[in-house]
Structures are given as C-alpha cells and as structure tokens.
Ligand code: ATP
Ligand code: MG
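In my numbering, the protein residues as written are 86 to 747.
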C-alpha cells in the first residue's frame, strides 16, 4: 500500500507523455539501427541464451582456453549460484591491453587524464598503459601479492588507480577499490572485511580546490589493521608526507625499479576479478564479488552497444572509479573495447560551473555519461554556463544512478544535447555488473524518465507482493528471472547474504527497487524498496548514519530518512533523541554533524538534525519510517494509516517541531 502510493507520486513526477525518436542520421550510423533489429537480437538472447552468449564471448574477448559450459545457475535452491564459461581461461588485463598492441590501436590514447588543476593532463596510449600496468603488476608481486590475494585501492581519480586495478587483474589479485571520499572508519571496515595485506593510496588529493589528507586518513584506518604489511603511496602532490618505516613505500620508487614485462596470469572464468563494497543500506557493507569472464564480457558488450561505440570516439564517464560505474564504464568496458576513456579528477562546479563544458570542448568529447544529480546541479546554475563553450562534438549522452525526472531529462536533452543527441538512461546496480535496462540509442524511442527496455539476455519482471506479475502501469517490485553474464557471483565471505538479500523468494533475483512497466513495455523505476538516501548520487544507508549518531555518547536514539533537496536530490534528515539531562543547543547539533562526518565521511553530513522527545513507533517497537519521511518532506496532511502507532501524540509533537525548524 505504502509503496504503491509513493510509486504513484513518483510516477506522476516522472511521467511525461512525450516520446522522442532518435534522429534518422543517428540511427543510420548506429550499431543497432531500429526497434525491429533490437527486438530480434533480444528475442534470440532470451530464447537461445547459450548460443547467444557463446557467440558473443567468442567474438568479443580473447580466451586462452574455451569453456566447458556457457551458463549454469540455480536460483531456486538454498544455495543459489551462477556461473558463466566454466573451465574457460582468460585474463582481463590482457583483454584490456595486450590484444590491442598488434594493430593501429597500439598508439591510440587509452586513457586521457585531466587533473583538477587545468594544466595537469596525461595521455596514456595503449602501449604506455600496458607498460605501466606490467610494471605495477611486478611491484605488487614484489610485495608478495599472489593470485587470489586482496589489494585495497584507496585512491583519488588519478591514472594510478586504473593502473593498479589492471595490475591486480594481471596477476590474478582481487582489487577492492574504496571511494576516496570515505572516512578512516569506513576504509578500515573494508580493509578488515576484505582481509587485504596491501593497500595503495595517495599522499594527498584534490577536491574542489581543497586538499584531501588521504595518507592521513589511511594511517588512521591502518591503526586497526595489523595484517596490512605494505602501504604503497602515490605522490599526488609535492608536500611533506609522514611515512612509516618498513610499512610505507613510495609508488614511484617501486615503479622505477620494476620490470615492464609481466606475463598475465591465466584465470578461470569464475575466479573473482574484484570485490566492490556497496554503499551499505545496513551498517555492515556488503562486498559484491564479480568474476572474470562473465563480468568482462558483459561490461564490454554493454559498453559497445549502450554507448554505440565508434573507434574514433572520445568517451567520458564522469563517475568515480570508487563506484561500479567507474569500474565497468571508465576502466574495463572502454579498455576492453580499445576505446579512449577520459578520466577527470575534478568536480562540475570548480573552479566555475562550466568545468564540464570546458573539458568537453578541450578534448572534443563525443559521449558523456553522467548522473542526474550533476544534471540537476547544472540545471540550477543555468544554461549560460554551457553557452560559452563549443560542445558540438557531443553525439550521445548517458544517465545513471537514480531516476532522472522528465524535467532534468528535457534540460539535459535540449541544453546539453542540443536536441541532437539521444540520451541513454541506464538502470543497473553494483550487483548487476553492467547496464540492465536502457534506451538503446538509435534503436528505440526515448520516453523522458523511463529507463526503457532490457538489454540483451536480461529478463526483468515487476511483481506484486503475492508474487504474481503486475499488470501494465501497476507498481511493484523489480526482479530478474534469469541470470546474465555480469551478475555478481556472491557476497564476499558471506554465503548466506547472497541468498538472504538477493533470493529471499526463490527463483528470482531481487533488485530491491520498485518499478512499473507501461503499456509499451517500458520500465519506469520508482526508487528503492528499502531505506537508502541518495545524496548527490552517493548512496548512504540510513542505518549507517543512525549507527554513527547513536555512537555519540549523549544520543539515545536516531532515525534517519531522506528529504527532498533541490540540488542533492535527497538530503539527510536525522531525528535524534538525547539522553536525559543533556542540554540541547546548536553546539550539540554541530558536534553531532561533525561526528557523523568523522565516522562515515563528509558525503553523509546530515542536513537537518531534529531533536525530539520521542520517535513514532509501532507496538512491536519498530520506528515508523514512512511517517518520518512524510514529516521531513512536510507532507503532513495525509499521513495514511497511523493505527499501528503506539503513541499518536508523538506524531503531533513532531509535526509541531518541524514547523518550528523550517
Ligand atoms: P546499497 O545496495 O548498499 O544500498 P546502492 O544500491 O545505492 O547501495 P548502487 O549499486 O550503486 O548502490 O546503486 C544501484 C541503485 O541505483 C539501483 O538499485 C537504483 O535504485 C538506482 N539506479 C541506478 N541507475 C538508475 C536509473 N537509471 N534509474 C533509476 N534508478 C537507478
Ligand atoms: Mg543496492
């Protein structure tokens, strides 16, 4: 009931009756040229998955040894599993680098790096990147890293991050990238969970003109990680850095002495390539494990089709490599395709609001893949920031991370795409490895706000609470009824979680998102079923913020919900009750905000701290979040069903307090 009301609301917000056709010029040159071509490919991928993926795998990747079986899975049992290309052997770094060295791609730009300071630019050709990766692989070997070992990469958006990832892949080590905006505490948790013995970081980083103390944060995290033997430090900024003898080593020193020859390790297709922690809707982060063959095939193919990739394209994905989007569509997807991938260290608003357009103009970017939060922020600043730049090189736009409202979609389409570039909205998750639902550019008509149709081999369904399939336009839970090659292999060292979180109901992969499918078969994502706040495209688990708040001595209880925020998409609204005798004042409020920033990171900074005497609870003692969400959004006229509340007066007080706060 609650979900349906919300779904209807969001649906109204998103829905725009308009359907926009791709231009005939675009379709003519596109990889998939028409809806009919898409339908045929899709049908084959679903009717004959083994033949389809087998052919794609042969054509797309280089293998040392062929597979014994294409696809094996069980979604029904107590121990669900999925496996692609069993018995086959390959190496991801070989596929991203070595195989491009024989032909003209040898001297093509693989990675163009634009630092936050405008004058800092680096170009890595495939040849140069191959050399650097091989050296870095030997560096890791020299530190004792072996196949199957985990290496944590806590690095900002600098080339060494991509190099270190590919170096791990080359020797069969499992990389765990931790977003460089996360705090010491969050980093420590991930190092401990992954059991890594080597960490790679940078001495400092840049963000919006400020200097990030990455090494300092890392030192703090490592206090709680005695198993870490080596910490390799990239010298990002020439500035005094405290190094601990024995443990800390300079990247440059190690690289200077490393051989540029490193034979890639032969990996079985289902050997893990990496572990990536999701933002964590629960306090404990989940390490999502991705394999080698299936993942790489899926990232490579989706990259090629979703972005209609051409050999000469300059492609820019603005996501941080610390998130899955950066893994699949900044590093693995583009490089396996032999494309040119632009890596940008800065932010859209620094030094001025035209930074993105300055970069697009400077490099002649053809494909731009960004998030609705960035689009909203730019929309707020106005078109004048775009107008001063020649961005006519753009031919395709992409969107990922959250539903894009039709308003933001139309702005993106007209102000940035100049009515010429199709927009590929892409719905997917860390767990899915690559894009699952998208408006395949050139082939399908776009509906602003809808992620559109499933990618090849993907079988999404919208279910009612009773498990039956929802009717057209009826909101429900989004599930996937069969596997696809990019699917996660499991949760790191937590077999039970794979079943509990993703297969609570046997037979189908549970996405955790709500959706509906319209009469044309288009999917509309309505948000998530659980409680996660999306702040400027960063996912923050409410439970994580709550546990941070509660860990503060004077706090008795906390409940965190999202509230509408004009720029960030969602803001963090925290209800806090304090222990008796505590004086409530602005000082305490500031201390609490600081405490959350300290424990999780600045991205989790609460926008509102609402001190209250009590929280609305059910009789069984559960906090009623839907009410808190409504109060935070100031939608108090219609609070729906409050009959299960233990103390209705609590709600009246909360509403009164909110009016005072605003
Ligand atoms: P956690 O699983 O820890 O809660 P998370 O789900 O926020 O973290 P991601 O895997 O990065 O972490 O995000 C995937 C989610 O983002 C999807 O489940 C969906 O809710 C949302 N999302 C991504 N792309 C889109 C899109 N194009 N349209 C709508 N929602 C999207
Ligand atoms: Mg998720």
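Glycine residues also receive a C-beta, built at the ideal position from the N, C-alpha and C atoms.
Given a cut-off of 9 Å, decide if residue j and residue i are closer than it, judged by their beta-carbon atoms.
i: residue 239; j: residue 299; result: yes
i: residue 141; j: residue 386; result: yes
i: residue 381; j: residue 343; result: no
i: residue 620; j: residue 689; result: yes
i: residue 655; j: residue 648; result: yes
i: residue 333; j: residue 346; result: no
i: residue 236; j: residue 225; result: yes
i: residue 482; j: residue 502; result: yes
i: residue 542; j: residue 131; result: yes
i: residue 742; j: residue 695; result: yes
i: residue 117; j: residue 527; result: yes
i: residue 416; j: residue 455; result: no
i: residue 176; j: residue 349; result: yes
i: residue 739; j: residue 713; result: yes
Give the range of the beta strand (DSSP E) segment to which residue i is assigned.
i: residue 470; result: Note, residue 470: premise wrong, no beta strand (DSSP E); alpha helix (DSSP H) at 469-472.
i: residue 333; result: 333-335
i: residue 360; result: 357-362
i: residue 159; result: 154-159
i: residue 545; result: 545-548
i: residue 429; result: 425-429
i: residue 258; result: No beta strand (DSSP E) contains residue 258, which DSSP labels as neither H nor E.
i: residue 327; result: Taken as a continuous stretch (DSSP letters only), residue 327 belongs to no beta strand (DSSP E), as it is neither H nor E.
i: residue 668; result: Residue 668 -> no beta strand (DSSP E), and no H or E assigned at all.
i: residue 228; result: Where residue 228 is concerned, there is no enclosing beta strand (DSSP E), given that its DSSP letter is neither H nor E.
i: residue 400; result: 399-402
i: residue 235; result: 235-239
Look up residue i in the DSSP assignment and say whether it is helix, strand or coil.
i: residue 216; result: helix
i: residue 103; result: coil
i: residue 737; result: helix
i: residue 581; result: helix
i: residue 695; result: strand
i: residue 679; result: helix
i: residue 310; result: coil
i: residue 253; result: helix
i: residue 111; result: helix
i: residue 367; result: In this prediction, residue 367 scores a pLDDT of 39, lower than 50, which makes its location untrustworthy; the coordinate-derived value is nonetheless stated afterwards. Three-state DSSP puts residue 367 in coil, outside helix and strand.
i: residue 348; result: coil
i: residue 744; result: helix
i: residue 505; result: coil
i: residue 353; result: strand
i: residue 486; result: coil
i: residue 672; result: helix
i: residue 315; result: strand
i: residue 522; result: strand
i: residue 532; result: coil
i: residue 515; result: helix
i: residue 586; result: helix
i: residue 539; result: strand
i: residue 243; result: coil
i: residue 274; result: helix
With a threshold of 9 Å between beta-carbons, can residue i be considered close to chain B, or not?
i: residue 563; result: Although the question refers to chain B, the structure presented lacks it and comprises just one protein chain.
What residue range does the alpha helix (DSSP H) around residue i cover?
i: residue 712; result: 710-717
i: residue 385; result: 378-391
i: residue 751; result: The first residue shown for the chain is 86 and the last is 747, placing residue 751 beyond what the model contains.
i: residue 491; result: 491-496
* Pick out the complete beta strand (DSSP E) segments inside the stretch 592-665, 3 residues or longer, and give them in chain order. => 594-602, 608-613, 617-620, 623-626, 640-650 and 654-663
At least three beta-carbon pairs within less than 8 Å, the stretch 554-573 to the stretch 448-456
no
To test your reading of the DSSP string, which unbroken beta strand (DSSP E) runs of 3 or more residues are found completely within the stretch 278-305? 283-287, 290-292 and 295-297
*Is it true that the stretch 316-334 meets the stretch 280-290, where meeting means three or more beta-carbon pairs spaced less than 8 Å apart?*
Yes, they touch.
Length-filtered (4 minimum) alpha helix (DSSP H) runs lying within the stretch 120-206: 120-132, 134-145 and 177-181
query = Using 8 Å as the threshold, is the stretch 261-271 in touch with the stretch 194-201, meaning 3 or more CB pairs across them?
reply = no
Report the start-end ranges of each alpha helix (DSSP H) in the stretch 433-476 that is 4 residues or longer and not cut off at the edges. 440-448, 457-466 and 469-472
query: Below 8 Å, can you find three or more Cβ-Cβ pairs linking the stretch 626-641 to the stretch 573-591?
result: Counting Cβ pairs under 8 Å, fewer than three are found: no touch.
Suppose only complete runs of 3+ residues qualify. What are the beta strand (DSSP E) ranges in the stretch 553-582, listed by chain order? 561-565
Inset, instruction - Assess, as a yes-or-no matter, whether the stretch 390-405 is touched by the stretch 421-432 under the definition of 3 or more beta carbon pairs within less than 8 Å. - result: yes
* To do: For the stretch 503-514 and the stretch 527-536, state whether three or more C-beta atom pairs, one from each stretch, are separated by less than 8 Å.
  => yes
Do the stretch 176-190 and the stretch 215-223 touch if we need at least three Cβ pairs shorter than 8 Å?
With the cut-off at 8 Å, the stretch 176-190 and the stretch 215-223 touch.
### Task
Determine, using beta-carbon pairs with one atom in the stretch 659-672 and one in the stretch 468-488, whether at least three such pairs fall under 8 Å.
no
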